[in-house]
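Notes for the one structure printed next.
Protein chains in written order, with the numbering used here: chain R, 4 to 281; chain F, 101 to 364.
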């Protein structure tokens, strides 16, 4: 193990691929911060985890067919989201079914990767992400998506919040709860696929769920929670990237570590405050 | 003055609920049928019946979540679809959905604007409405508390407030006393009693008639595949209640009111 300090890191920061990593990382972090809040309040944490694994055979399968990795990733995440929505409560209520499917998907991911010689090298970058390999065209697409996400959030925030927190009341008020659930799943699948490019399928939880969980531990005001969640995700990605460049560490590692540290400190502090107030 | 009195009378004429030969089915299974009844406005009505007799289905029809197969239903003389904004609904599973992610304030805000597009939960209008209702129902101390940190009774008060904040003409409570201790039960009953004087028709689905028997004006009972209505004085009938609950029941009258119990 050799952690070394990179002397000329300032020069590195002006490299195009580094700037792109910071830009794209920020866009993905903010998207993950927003959607992560709804994942938690809809109690869909396990589903988001499953979706990331469903993306794996898509990515390795795409390589097998000579297609771009991202295309397979987004396709499988999307199809996974649609399947989960159609199966509905039957599957989302059973962790066992979801868990079994994600294991199967990971298995197929491995199979496809073994079938092609090129795929096994890409396998690591899908499992653990590689933010430095993101193309600038992807950054542009992702930022368009984020813009749409924010517009949708401003328009549909209140009904989505009601549907997420209390489906019975939302139904009684005449809201199309199933349409909201399906739309949410599609958007989630896109954010999951985007986040896989940054931190990989295995570390996705730390980018999508952990920042939102930290935010909710601090405030129960929904809008403040979402803003804080984005701030924590962004801090994790930017600080993580920065440290990874300075010390030549894998960025996914530093990103999830910072995300974890933020969460750990907040949950510790909260416990202390809570005990004091009693 | 006379004119005002007349218009007030005209309002009184609108029945809270009317079923005419109503039938409802889920899939091929008929839940209940041939039901005709009328509930007067501003009364408290219990909805009782065995498990699976279709109490929840009746709520779903009133809330326009499922349609009638045949017959007619009117809420305040209108089709249920038009009356959604006039109905406050407290679901049975409210306690299960209560989490640490929102405060009492947010629950009330969602009650007020949760079905409207937009992002704000704290503009002047929303805040005014919430503080006004919170003052009235004395739940100010709950507004800044997370739902997960509330007791069962406090949570039920928030649930009822969330349903009331739109000033509905109809309030539907699905098992509001389930899982509550005696003190909380009394608090919720006092709250319902208090609402009675506020021009609102209240429907309470309950498996236990005793806590509400001195509060209600009558009950819709679902029996043998039909919905019936009886005013409370006729409801305190041992034969009927024994048949309804499939067990021998006696009605005991005490100086504090009546209650029903299993006959030994």
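Cβ atoms here follow ideal geometry from the backbone N, Cα and C, with glycine treated the same way.
Taking the C-beta atoms as reference points, residue 234(R) is found no nearer than 7 Å to residue 228(R). Membership of residue 187(F) in the beta strand (DSSP E) is indicated by the continuous run 187–190. Not flagged as an interface residue toward chain R: residue 161(F), since no C-beta distance is shorter than 7 Å. In the three-state DSSP reduction, residue 201(F) falls in the coil class, being neither helix nor strand. Inclusion of residue 188(F) and residue 311(F) in the CB contact set at 7 Å is not warranted, their separation being larger than that value.
Taking the Cα positions, residue 81(R) is about 7 Å away from residue 193(R). Within the segment 169–184 of chain R, 169, 170, 171, 172, 173, 174, 175, 176, 177 and 178 place their CB atoms closer than 9 Å to a CB of chain F, listed in sequence order. Residues of the segment 141–159 of chain R with a C-beta atom less than 8 Å from some C-beta of chain F are 156, 157, 158 and 159, listed in chain order. With respect to the 7 Å criterion, residue 223(R) and residue 230(F) are not classified as neighbours on the basis of their beta carbons. DSSP places residue 172(F) within a strand segment (E or B) once states are collapsed to three.
For a cut-off of 8 Å, the C-beta gap from residue 165(R) to residue 215(F) is around 7 Å, short enough to register as a contact.
When DSSP states are grouped into helix, strand and coil, residue 179(R) belongs to the coil group.
Among the residues of chain R, those whose CB is under 7 Å from the CB of residue 189(F) are 172 and 175, following chain order. Rounded to the nearest whole angstrom, the CA to CA distance from residue 190(F) to residue 276(F) is 8 Å. Comparing C-alpha distances from residue 114(F) to each of 131(F), 134(F) and 142(F) shows the shortest one belongs to 142(F). Residue 130(F) and residue 124(F) have their alpha carbons spaced roughly 6 Å apart.
Inter-residue distance for residue 333(F) and residue 181(F) is about 33 Å (C-alpha atoms, whole angstroms).
Not flagged as an interface residue toward chain R: residue 227(F), since no C-beta distance is shorter than 7 Å. In summary, no residue of the segment 11–35 of chain R has a CB separated from any CB of chain F by less than 7 Å. Segment contact: the segment 178–191 of chain R against the segment 139–146 of chain R, fewer than three CB-CB distances shorter than 8 Å; contact not assigned. By a beta-carbon distance limit of 8 Å, residue 236(R) does not contact residue 24(R). Their separation comes to about 15 Å. The beta carbons of residue 211(R) and residue 39(R) sit about 5 Å from each other, so the pair counts as a contact at 8 Å. No residue range can be given for residue 245(F), since it is assigned to no alpha helix (DSSP H) and is classified by DSSP as neither H nor E. Under DSSP, residue 271(F) takes part in a beta bridge, and its partners are 188(F) and 302(F). Within chain F, the residues whose beta carbon sits less than 8 Å from that of residue 162(R) are 214, 215, 216 and 217, listed in sequence order. Close partners of residue 214(R) in chain F (Cβ separation under 9 Å) are lacking, with about 14 Å as the shortest Cβ gap.
In this structure, DSSP gives residue 321(F) an extended state, which the three-state scheme calls strand. One alpha carbon belongs to residue 169(R), the other to residue 256(F), and they sit about 14 Å apart. Within the segment 17–71 of chain R, the runs of alpha helix (DSSP H) that reach at least 4 residues and sit entirely inside it are, in chain order, 19–44 and 48–67.
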